[in-house]
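Asks: Residue 1 is where the sequence shown starts when you use UniProt numbering, and the numbers rise one by one after that.
The beta carbon of each residue, even a glycine, is placed where N, CA and C say it ideally should be.
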Amino acid sequence: MPKGYWVTTYRSIKDPAKVAAYAALAGPVMTEHGCRYLCRGPAAVAHEQGVKERVVVGEFPSLAAAIACHDSPGYQKALEVLADGAVRDMRFVEGVE
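1. Please report the Cβ distance between E80 and K3, rounded to the nearest whole angstrom; I am assuming they are in contact, meaning their Cβ atoms lie under 8 Å.
2. Should V55 go down as buried or exposed, given a rule of 16 or more other Cβ atoms within 10 Å for buried?
3. Alpha carbon to alpha carbon, how far is H70 from V7?
4. Who are the near neighbours of A21 in its chain, counting only those whose CB is closer than 7 Å to its CB and skipping five residues on each side?
5. Output the residue ranges of the beta strand (DSSP E) runs that lie fully inside the stretch 28-57 and measure 3 residues or longer, sorted by chain position.
6. Name the DSSP beta bridge partners of S12, please?
7. Can you tell me which residues form a DSSP beta bridge with V93?
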């Protein structure tokens, strides 16, 4: 079964304290759902329409596991804490193998 990838790019961070509070809640929930972080941090280089802001890529056992994590009560609580603290683009992608 192909792995699932959760890709989040931050367009802007409005409130770093809200982002930190979100991360404190979201990280353990994602780990519980089998997430292994492949990268977390600011982009080293941005081309085309890219923004040199935070990028997070998480690998899950499957696409279904990544989506279930996002839809879980624990992650939804983390989103409530984040609120308007950041503008993000989030995508879920199935791996090729």
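Replies: With the structure as the only source:
1. If you number the sequence shown from 1, residue 80 lands on position 80. If you number the sequence shown from 1, residue 3 lands on position 3. With 8 Å as the limit, E80 and K3 do not qualify as a contact, their Cβ atoms being about 28 Å apart.
2. Working through the sequence shown from its first residue, we reach residue 55 at position 55. Per the 10 Å Cβ criterion, buried.
3. The sequence position of residue 70 within the sequence shown is 70, counting from 1. The sequence position of residue 7 within the sequence shown is 7, counting from 1. Approximately 12 Å, taken between the alpha carbons.
4. Your numbering for residue 21 matches position 21 in the sequence shown. Answer for A21: V81, listed in chain order.
5. 36-42
6. In the sequence shown, the residue the question calls residue 12 occupies position 12. Answer is V87, bridged to S12.
7. Translated into positions along the sequence shown, residue 93 becomes position 93. Y5, per the DSSP bridge assignment.
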